[in-house]
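Asks: One structure is given below, represented as structure tokens, and several questions about it will come after.
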Amino acid sequence: MKNVIEVCPYCGSGCKINLSINNGKVIGASGANGLTNEGELCLKGLYGWDFIHDTKILTPRLKNPMIRREKKGELEAVSWQEAIAFITEKFKAIKDQYGADAIMCSGSSRSTGNETNYVMQKFARAAIGTNNVDCCARVCHGPSVAGLQLSVGGGAMSNSIVEIDDTKCIFIFGWNPATSHPIIARRILRAKENGAKIIVCDPRKIETARIADIYVPLKNGSNIAFLNSVAYVLLEENLTNRSFIDKYTDGFEQFKQIIMQYPPESTQAITGIDPFVVREVARMYATSPTSGIFWGMGVCQFYQGVETVRALASLALLTGQIGRPNTGLGPVRGQNNVQGACDMGALPNQFPGYQNVTDPEARAKFEKAWGVEKLPDTIGTYLTEIAMKAEQGLLKAFYCMGEDPLQTEPDLSAVRHGFSKLDLLIVQDVFMTKTAAVADVILPATTWGEHEGVYSAADRGFQRFYKAVEPVGDVKVDWEIISLLSSALGYPMHYNNTQEIWDELRELCPQYYGATYEKMDANGGLGYVQWPCPTLDSPGSRYLYSDGQGGVKFDTPNGKGQLFTCDWAHPVERTNDEYPLILTTVREVGHYSCRSMTGNCRALAILADEPGYVQINIQDAKALNIKDDELVWIESCRGKVISRASVSDRTNKGAVYMTYQWWIGACNELIGEHLSPISRTPEYKYVPVKLTSI
Ligand code: SF4
């Protein structure tokens, strides 16, 4: 028996796993002593491995390439050669007739890692000739990337997971760590035991609210009104750091003009929060020696998500709670490598290393390195625009890797309709997902344990994972498949291994240059290198924005943090007599994302299986005569789905909560396609619905 070091393939906590192998099979998993998990794992890490050998619980693993020759025909198994030839012919025809921008590609948080995302965006840009490449950050932390880039210059966590231990005030906003990042939740608990103060803002009484010093049950959709009132108190009570503001920020006067319209007494009707509580939050955050803000989808998945991120960043800038150890801003990434997909430029507006595609200097650098005469210079299509553009005839092909948009996108019937208009849908995945089931081509890929590479944890930490077992079936590693296709299209890619890819991208991205395989392979494969790591002798950076001389320097064009807020606006849709309850989508602790992986794991499937559930407050349930565990219809103006009621007083009155992972009870059927104008992230968190007994 042997143990092989892996990075957990589920959330962004970056936990290291010892995968136990016997006779070429995975037989168990235990926690390895990684930097962020210190030997611990949550149940997904412990039990989320047995699908590797094809349990067929939810769906069998994909084992052969398949094509559908006619739109309404059956999928048939073919050789790799035939599948690649089929795609090549179609891609060439589409490009000749409609141009390169009629083709869209996706990176993936679940693929072979950073190397694959690098190769995929290179394929889109250099082989196809389009910036139409994006990743699932679009539906989650896209607003964090956009908002933080505008406010402080960089879209990543400025602090670190391990810094939570020594952060004296942990301000948790719209993030449920116990469900989405259990091992980080463990650190928060430990910090609390060591004297940290905890503030939790969430309409639902989430697990962490039970240990909070201040719990803020703000009304759904009132984030900016609340944050503006916190900023008001900071100004009113002189809790700001005036010298920090003067030295390191811009925009104070304009910011102040808006904030002065938001005394806590005036926002109570919007937020439902007593002004005394708002004042206590402001005091606790500002006066703690070190304060960090951590947030999740309760911030991002709103029409005003980008603006909310900027309002949070402004609290840090007003108080100087950034640029020092154990302070800062923490958008906690949900999927294990969504940070990496962004780091590697699987974004329609940025090359790897967050270099803008509209910057001629950056383009010239990549053109030279990739041997391309001219790279596209306009921002490409966003993931959430695919169905709409297909409907309009602007997109003809989508190469979808490691994503299941027909489960995860909002307004699923519109997405299904849009996708049906595509001339070519290619799905590269491990399982027959809902999207794979309607694909024209299926390219079966390896999964974790069967390949190696580098992942980025939520706090910019690069880590290595290794191949443990031989793959099942006639499958290939993601980057090899893309390379085959690229070569067939006339742009040869001939990488021999992931290290060659990694070394190529290091040369092109100054902030990753010093993050070598050697550093990550150190300590038995437990090396953790946080970018920026610009030189070979750099150990990496635990936190961002120190100027190295006791001061602060942001990555904005003038080096200053940009204070910003705006007026609160009601979410796009409103409850009414017909649809009186607010639906918000959340996560199930035992399952990951669209559930294709964890739904095929025996232990996890037993813990939570179809149909899903809808959480509802006791009083609302009583008024509707709905009993706990009863099957109910949940209906919005877009349709209805069935689910099981989960009645409790943890859920606030007037709102219901559903996890988006179920095939029966797929709540994304009910969600509207209201996209943030800046990040194009949908408003998953506020949809008027009604519940009825069956
Ligand atoms: Fe750690 Fe997240 Fe994996 Fe759980 S799911 S073991 S918290 S990385």
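In the numbering used here, the protein residues as written are 129 to 822.
Note that the Cβ used here is the ideal one computed from N, Cα and C, for glycine as well.
1. Going by CA-CA distance only, name the one from 752, 292, 778 that's closest to residue 455.
2. Does the Cβ of residue 671 lie closer than 7 Å to at least one heavy atom of ligand 1?
3. If you scan the segment 308-371 from start to end, which runs of the alpha helix (DSSP H) of 4 or more residues do you find wholly inside it?
4. Return the chain-ordered ranges of every beta strand (DSSP E) run that is complete within the segment 562-614 and spans a minimum of 3 residues.
5. State the CB to CB distance for the pair residue 682 and residue 280, rounded to an integer number of angstroms; the pair is presumed to be in contact (CB under 8 Å).
6. Less than 8 Å between the C-beta atoms of residue 192 and residue 205, yes or no?
7. Considering only residues of the same chain and omitting the five flanking positions on each side of residue 255, which have a CB-CB separation below 7 Å?
8. Would you call the segment 274-288 and the segment 533-553 touching, i.e. three or more CB-CB distances under 8 Å?
9. Cα separation between residue 445 and residue 373?
10. With C-beta atoms as the reference, is residue 74 less than 8 Å away from residue 147?
11. Examine the Cβ distances between the segment 262-272 and the segment 399-406 and report whether three or more of them are shorter than 8 Å.
12. Starting from residue 763, follow the beta strand (DSSP E) in both directions and report where the run begins and ends.
13. What is the rounded straight-line gap between the Cα of residue 177 and the Cα of residue 671?
14. Which whole-angstrom value describes the C-beta separation of residue 515 and residue 481, a residue pair presumed to lie in contact below a C-beta threshold of 8 Å?
15. Using CA coordinates, which residue listed in 822, 130, 820, 139 is at the minimum distance from residue 92?
16. What does a CB cutoff of less than 8 Å around residue 697 pick up in its chain, not counting 5 residues either side in sequence?
17. Could you have a look at residue 232 and say whether DSSP puts it in helix, strand or coil?
18. Considering Cα atoms alone, identify which of 150, 295, 551, 655 is closest to residue 130.
19. Relative to ligand 1, is the shortest distance from any of its heavy atoms to the C-beta of residue 689 smaller than 7 Å?
20. Using the C-alpha atoms, what's the distance from residue 369 back to residue 443?
21. In whole angstroms, give me the CA-to-CA distance for residue 669 and residue 453.
22. How far does the alpha helix (DSSP H) with residue 418 in it reach, from first residue to last?
23. Where do the ends of the alpha helix (DSSP H) carrying residue 651 lie?
24. Specify which residues have a beta carbon nearer than 5 Å to any heavy atom of ligand 1, listing them in chain order.
25. Go to residue 392, then tell me how far its alpha helix (DSSP H) extends in each direction, as first and last residue.
26. Could you tell me if residue 210 is buried or exposed, where buried requires 16 or more neighbouring beta carbons within 10 angstroms of its beta carbon?
27. Where does residue 469 fall in DSSP's three states?
28. Threshold first: 4 residues or longer. Then list the alpha helix (DSSP H) segments lying entirely within the segment 423-502, N to C.
29. Below 8 Å, how does it come out for the segment 736-747 and the segment 788-806: are there three or more Cβ pairs, yes or no?
30. Do the segment 598-605 and the segment 158-167 touch if we need at least three Cβ pairs shorter than 8 Å?
31. Whose C-beta lies closer than 6 Å to the C-beta of residue 390 among residues of the same chain, with five residues either side of it excluded?
32. Examine the Cβ distances between the segment 722-740 and the segment 801-808 and report whether three or more of them are shorter than 8 Å.
33. Write down the C-beta distance between residue 367 and residue 410 rounded to the nearest angstrom, noting that I regard them as a contact closer than 8 Å.
Replies: On the basis of the coordinates in this document:
1. Ranking the options by Cα distance to residue 455, first place goes to 292.
2. Taking non-hydrogen atoms of ligand 1 into account, the C-beta of residue 671 is found less than 7 Å away from none of them.
3. Counting only runs of 4 or more, we get 310-321, 351-364.
4. Fully enclosed beta strand (DSSP E) runs of 3 or longer: 569-572, 581-584, 589-593.
5. With 8 Å as the limit, residue 682 and residue 280 qualify as a contact, their Cβ atoms being about 5 Å apart.
6. Going by beta carbons, residue 192 and residue 205 fall inside the 8 Å limit.
7. Here the set comprises 614, 617, 619.
8. By the C-beta criterion, the segment 274-288 is judged not to be in contact with the segment 533-553, since fewer than 3 inter-stretch pairs fall below 8 Å.
9. Roughly 7 Å separates the two Cα atoms.
10. Residue 74 lies beyond the residue range present for the chain, which begins at 129 and ends at 822; the question has no answer from this structure.
11. The answer is no - the segment 399-406 does not touch the segment 262-272, with fewer than three Cβ pairs under 8 Å.
12. Counting along the chain, the beta strand (DSSP E) containing residue 763 begins and ends at 759-764.
13. Cα-Cα distance, rounded: 32 Å.
14. Between residue 515 and residue 481 a beta carbon distance of about 30 Å is seen, past the 8 Å cut, so the two are scored as non-contacting.
15. Any question about residue 92 goes unanswered here, given that the chain covers just 129 to 822.
16. 352, 431, 432, listed in sequence order.
17. Three-state result, residue 232: strand.
18. Checked all of 150, 295, 551, 655; the closest Cα to residue 130 is 150.
19. Not one heavy atom of ligand 1 falls within 7 Å of the beta-carbon of residue 689.
20. Near 11 Å, if we compare the C-alpha coordinates of residue 369 and residue 443.
21. Cα-Cα distance, rounded: 11 Å.
22. It is not in any alpha helix (DSSP H) - residue 418 carries neither H nor E in the DSSP assignment.
23. Unbroken alpha helix (DSSP H) run through residue 651: 645-653.
24. In chain order, the qualifying residues are 136, 138, 139, 141, 143, 169, 170, 172, 173, 310, 311.
25. Start and end: 392-399.
26. Its Cβ having fewer than 16 others within 10 Å, residue 210 is exposed.
27. It is helical.
28. Segments of the alpha helix (DSSP H) lying fully in the segment 423-502: 425-428, 433-447, 466-471, 488-498.
29. Contact check between the segment 736-747 and the segment 788-806: three or more CB pairs, one atom from each, fall below 8 Å, which counts as touching.
30. Counting Cβ pairs under 8 Å, fewer than three are found: no touch.
31. Cβ neighbours of residue 390 within its own chain (closer than 6 Å, five residues either side excluded): 356, 357, 360.
32. Touching, no, given that fewer than three Cβ pairs across the two stretches are closer than 8 Å.
33. Between residue 367 and residue 410 the beta-carbon gap is near 6 Å, inside 8 Å, which marks them as a contact.
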